[in-house]
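What follows is a single structure, written as structure tokens, with notes after it.
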Amino acid sequence: MRVNNANGMANTIARCQTFARRNLTAPTLVRNALPQVCTLCMASAGDALLCVACAEDMPRVIAACPRCALPSPLALTCGRCLARPPAHEATIAAWRYAFPADRLLHAFKYDGRLALAEPLAIALADAVLQRNGPLPDRLIALPLAPSRQRARGFNHAQEIARRVAQRTSVPLVAAMRRVRDSRPQAGLALAARTSNVRNAFVATARLDGLAVAIVDDVMTTGATLSAAATAARAAGARRVEAWVVARTLPPTSRSRSNLSRAGDPLSADDATKAR
Ligand SMILES: [Zn+2]
Ligand SMILES: [Zn+2]
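Residue numbering for the sequence shown follows the working numbering, starting at 4 and increasing by one per position.
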């Protein structure tokens, strides 16, 4: 969220207070999702779920490492990616995982607000198209383990990916399967996360010579998407990108951006634990 002026900060605080007042329970969210009303500020939103002002005011990563989407001066490849490159060549993230993006993503994924897939996908597709680079040949939604998908009733990544496919005209293919349901990543350090998801994915179709983008809602450490990228590579993909709606910043970056999350009652860590 841009808070480089007093108005921006006032808007941020107003939205925090609106969320706190409404308590964002599932029934409240459903009531607030009536057409033409912005999910975040209740202003008129035409036929969208987010008004133009809220969509423009979402938290963004201004200068990011092209490989992992973490903040990086001059948008150069960061030291971590130089030292230990992830299996994906690039990451595109529409937003930082911060208020109010975290609320939208949580409501979408855990409160069953499937309609929110639309503004999330619009934001991701816009970020992709703004990059103005070559588009991949195929999109792949990060698969859930079958048991987890049955419990949730849908694959959130698939819901986002099929809308992004429509907006970018990149075909979405079912080319990957999750063969191992790892324990939750929350609370694990990067090395533990990496081993936790190693060999969790296999490609179910050949991807020889194709550039593919793997779509998910949030990238935290990148270990899961890197594992999926490894599977795509094993199936012959020549280039793999990770496309996510939001990127969780590491603690050092988050502490630097505390100002932009003033009043945020639920930290990214708390929300990430629910993943
Ligand atoms: Zn709004
Ligand atoms: Zn990086």
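Glycine included, every Cβ here is placed at the ideal spot set by N, Cα and C.
Cut-off 6 angstroms between Cβ atoms - residues of its own chain near residue i, not counting five sequence neighbours on either side
| i | result |
| --- | --- |
| A146 | Here residue 146 turns out to be Pro, not Ala, going by the sequence shown. Hits under 6 angstroms: M179, R180 and R181. |
| D129 | none |
| V200 | S185, A226, T227 and A230 |
| A245 | H91, T94, I217 and L228 |
heavy atom of ligand 2 below 7 angstroms from residue i C-beta
| i | result |
| --- | --- |
| L73 | yes |
| T251 | no |
| T80 | yes |
| R241 | no |
| C41 | no |
Whole-Å CB distance - residue i paired with residue j, under 8 angstroms assumed
| i | j | result |
| --- | --- | --- |
| L127 | V248 | 5 angstroms |
| I143 | I217 | 5 angstroms |
| T171 | L138 | 6 angstroms |
| A67 | P76 | Contact doesn't hold; Cβ gap of about 10 angstroms is too wide. |
| A234 | A206 | 5 angstroms |
| A240 | V215 | 5 angstroms |
Any non-hydrogen atom of ligand 1 within 7 angstroms of residue i CB
| i | result |
| --- | --- |
| C84 | no |
| L132 | no |
| A46 | yes |
| L53 | yes |
Residue i burial status per 10 Å Cβ neighbour count (16 or more: buried)
| i | result |
| --- | --- |
| P103 | buried |
| M61 | buried |
| M222 | buried |
| W98 | buried |
| N26 | The pLDDT assigned to N26 is 40, lower than 50, so where the model puts this residue is not dependable, and the model offers no usable value. |
| Q161 | buried |
| R183 | exposed |
| V55 | exposed |
Among the options, the one whose alpha carbon lies nearest that of residue i
| i | options | result |
| --- | --- | --- |
| P89 | E121, R242 and S47 | R242 |
| D211 | L193, D219, F204 and A237 | A237 |
| D220 | L53, R209, F204 and R165 | R165 |
| A154 | Y113, L52 and C84 | Y113 |
| A86 | L43, R70, P76 and P74 | R70 |
| P281 | R196, A192, L213 and A148 | Limits of the chain in this structure are 4 at one end and 278 at the other, which puts residue 281 out of reach. |
| T251 | A195, D105 and I65 | D105 |
| L117 | G136, A194, G156 and G49 | G156 |
| V64 | C57, Y100 and P254 | Y100 |
Spatial neighbours of residue i in its chain, beta-carbon cut-off 8 angstroms, leaving aside the 5 residues before and after
| i | result |
| --- | --- |
| A120 | F111, H159, E162, I163 and R166 |
Spatial neighbours of residue i in its chain, beta-carbon cut-off 7 angstroms, leaving aside the 5 residues before and after
| i | result |
| --- | --- |
| L53 | C41, T42, L43 and P122 |
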